[in-house]
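All remarks here apply to the structure that follows.
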Amino acid sequence: MNNRTKTIYNTSIYSPEWAEIDDYNHRRLYAILGFRTLGDFLGMRVYDFLNMNQNDSGYAGNTILDLYNFVNPNNEIDEAIYYDAIEQPINTRRWIAEHGSAENITIEEIIFDPLMNKEALNNIFNSICRAFYKSSEYSIRQYKYAYLRDVPKNKRVPHEQE
1 MNNRTKTIYN TSIYSPEWAE IDDYNHRRLY AILGFRTLGD FLGMRVYDFL NMNQNDSGYA
61 GNTILDLYNF VNPNNEIDEA IYYDAIEQPI NTRRWIAEHG SAENITIEEI IFDPLMNKEA
121 LNNIFNSICR AFYKSSEYSI RQYKYAYLRD VPKNKRVPHE QE
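Under our numbering, read the sequence shown as residues 1 to 162, first letter to last.
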């Protein structure tokens, strides 16, 4: 893990850098849920993130987009794709198939993919959401996890810390 990645993982959700990116001010909810650093988000499966108390797909999608913007501050590629100056390099179905199944994809895999862009991120996230809401992990009656500490450790991808 290089120094930039370590810095990203260890960035506090209270840091001015993250506050600048967090357009929707979701950090208050995530602080209540037990998130302290961006690494807490990145190591989670998207399914587990969607199963967090009070975290609907809108909050989750905005937060994952904020994480993408934090990791990739240069948005020239995103604008070029948006204005059809270049073609979308990622096929959503192929990307998900290459990463196993939708239920095992982590936020980190999406955010740190070198070819990732906003349009692909939204398409991939929407595909994962559709799969999640059809899966046995989703319950219309209750969230699976009230707090981050309730997510089993073996379901979180540990990141290296020094």
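For every residue, glycine included, the Cβ atom is placed at its ideal position computed from N, Cα and C.
- Scanning its chain for C-beta atoms nearer than 6 Å, with the 5 sequence neighbours on each side dropped, one finds around Ile111 the residues Leu67, Tyr68, Val71, in chain order.
- Here Tyr30 is near Ile13, since their CB atoms are less than 7 Å apart.
- Boundaries of the alpha helix (DSSP H) harbouring Lys134: 118–134, taken from the DSSP string.
- The Cβ atoms of Tyr145 and Met52 sit closer than 7 Å to each other.
- Assigned with DSSP and collapsed to three states, Tyr145 falls in strand.
- Boundaries of the alpha helix (DSSP H) harbouring Ile77: 76–82, taken from the DSSP string.
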